[in-house]
């Protein structure tokens, strides 16, 4: 005989599929728990894995590393000066890159990233983008949902030569924010570089909130802690994007139902954070409803 | 001489005004901290203030109250039966209502509210709506942004006879979800009752996520812990709402810029949770941007 009590309703297939994407993107909790706080000017601005801490400890003139439960990795070089701090760290990173000891530094970008207490705070340190996950500092980026007729989405396929996530499905336009850049400026710049979207069209992109996650670096050496500002750009059906910087292999206009089916499917086709930004857009546009069992948990998970 | 270090940028006036609304709505943290967990079937499903716990302790056959740091208020009547539990609690509430000891019970609604571990869980208990804040249980509701031409919002003025927030500005349609009701059904029902919106128009309302907050009850006896599902309903300019149940004094179509100006102003005109649902809509529609200093904190605060 069956149990009499009514069981919890099973998660809807839509929510279950979406939650899988959110978990894949937010898989950094484990490594974050083992990490040491990264202190700059007395503030905890990042998280350093045990592996990374061990390597940084070999530069005691720049980093003071105290292991253990109440330990930390503290930047001790450069005093209060942004420039001197950044130069001291850059010198360490250059040596680590040359030594080949830290895998993620193979993805060197020559892009300056600000390390800040919060989004509006002044930079306390500027580091090479490829080292962001080494220090586990919060990074900020912008993703653009390129929407046509309200029911189609431009999907890019990343070039196979990309250092990160080669060949994965991506937004028409997405990028990290460089030091000193504002979100709206970033969107217009990346629109031009990545998809040849002219500035007058690009500037019609509308901000719609953000997603947040903590992702384990593929190398196992660190975590990416990202805030991604989500933009929606309604695009005329006549516009066809083209790559301007070789980072995209091809663009295709997908029916939103195909996007949903692919996100729900058990595939590894999507760059993880792109999937989460699209799910946020589906929530905002009512393509998933509170009637889908697990909706509340899903929506909560987009910002944690 | 001025200090040389660059100060944190000041919050934008828009964000500062909106944050004031969010804080007014989410003012329950203090009372929540002093409260005892409310246990039903071994699960903590609410929070009971010291004042409420003292009164509930006078019904030891229904509630076991252990005060102090590790204390709790436990429902001990009714065993595993939803019906028996609910009846036992209803008897206590009827006696408290008759006694006049608990101010919030003066707002008796004769509406059954489910007490659940999460939104999709089965009800563990059903209580009169007016007692929700007495037990500090999570409640669920739906609010509808009635939007015309993408830049105007229908604003209701609550009747002066309403038990809660008389005379305050409100959504065209907003309501709590009764036991057994689904969000989409709730929206269509309330659209008809509150604003005479016909079902075919009401069913075009699109879900767009939710806000969450913990609000101190006006009486000081408890907290309202709400999840409000946000719906956008694009309405034809020809439709004019009218109250069907006497709960609304009047409706007016506001330019969205006037809505923003009123929300930013230092007034007490808005029902607090209505303001937060509108701010969520402004975020989703790009009427506030990441360039507004404090944006990230504001957006985070909408769901906590």
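Chains as they are written, first to last, in our numbering: chain A, 3 to 306; chain B, 3 to 306.
Note that the Cβ used here is the ideal one computed from N, Cα and C, for glycine as well.
Bear in mind that the values here come from a model prediction, so they are computed numbers and not experimental data.
Counterpart residues of residue i in DSSP-defined beta bridges
i	result
residue 233 of chain B	B:146, B:209
residue 173 of chain B	B:157
residue 178 of chain B	B:143
residue 252 of chain B	B:159
residue 216 of chain A	A:227
residue 76 of chain B	B:41, B:66
residue 257 of chain B	B:154
Interface flag, residue i vs chain B, CB-CB below 8 Å
i	result
residue 122 of chain A	yes
residue 231 of chain A	yes
residue 296 of chain A	yes
residue 20 of chain A	no
residue 15 of chain A	no
Nearest-angstrom Cβ-Cβ length linking residue i and residue j, presumed shorter than 8 Å
i	j	result
residue 145 of chain A	residue 27 of chain A	Between residue 27 of chain A and residue 145 of chain A the Cβ distance is about 12 Å, and since that is not below 8 Å, they are no contact.
residue 16 of chain B	residue 290 of chain B	6 Å
residue 14 of chain A	residue 294 of chain A	4 Å
residue 149 of chain B	residue 202 of chain B	Contact doesn't hold; Cβ gap of about 17 Å is too wide.
residue 174 of chain B	residue 158 of chain B	6 Å
residue 128 of chain A	residue 88 of chain A	4 Å
residue 221 of chain B	residue 105 of chain B	4 Å
residue 46 of chain A	residue 39 of chain A	4 Å
residue 77 of chain A	residue 91 of chain A	7 Å
residue 147 of chain B	residue 283 of chain B	5 Å
residue 301 of chain B	residue 278 of chain B	The Cβ separation is near 12 Å, so there is no contact.
residue 132 of chain A	residue 111 of chain A	5 Å
residue 176 of chain B	residue 143 of chain B	7 Å
residue 137 of chain A	residue 50 of chain A	6 Å
residue 204 of chain A	residue 190 of chain A	5 Å
Under 7 Å by beta carbon: chain B residues contacting residue i
i	result
residue 211 of chain A	285, 286, 301
Residue-chain proximity (residue i, chain A), Cβ-Cβ < 8 Å
i	result
residue 148 of chain B	no
residue 305 of chain B	yes
residue 5 of chain B	Because residue 5 of chain B sits at a pLDDT of 38, beneath the cut-off of 50, its placement in the model cannot be relied upon, and the following sentence gives the value as read from the coordinates. Not one chain A Cβ lies under 8 Å of residue 5 of chain B.
Under 9 Å from the C-beta of residue i: neighbouring residues of chain B
i	result
residue 186 of chain A	291, 292, 293
Neighbouring residues, chain A, relative to residue i (Cβ below 7 Å)
i	result
residue 2 of chain B	Outside the shown range of chain B (3 to 306) lies residue 2 of chain B, about which nothing can therefore be said.
Proximal residues of chain B, C-beta to C-beta of residue i below 8 Å
i	result
residue 208 of chain A	287, 288
Cutoff 8 Å: residue i Cβ touching any chain D Cβ
i	result
residue 33 of chain B	Although the question refers to chain D, the structure presented lacks it and instead comprises the protein chains A and B.
What beta strand (DSSP E) runs, 3 residues minimum, are completely inside the segment 92–160 of chain B?
Whole beta strand (DSSP E) segments, 3+ residues: 114–117, 127–130, 140–150, 154–160.
Quick one: which unbroken alpha helix (DSSP H) runs of 4-plus residues sit fully inside the segment 30–73 of chain A? Chain order, please.
Fully enclosed alpha helix (DSSP H) runs of 4 or longer: 31–36, 52–58.
What ranges does the alpha helix (DSSP H) occupy inside the segment 253–306 of chain B, keeping only unbroken runs of at least 4 residues that lie completely in it?
For the segment 253–306 of chain B, whole alpha helix (DSSP H) runs of length 4 or above, ordered along the chain, are 258–266, 274–286, 297–303.
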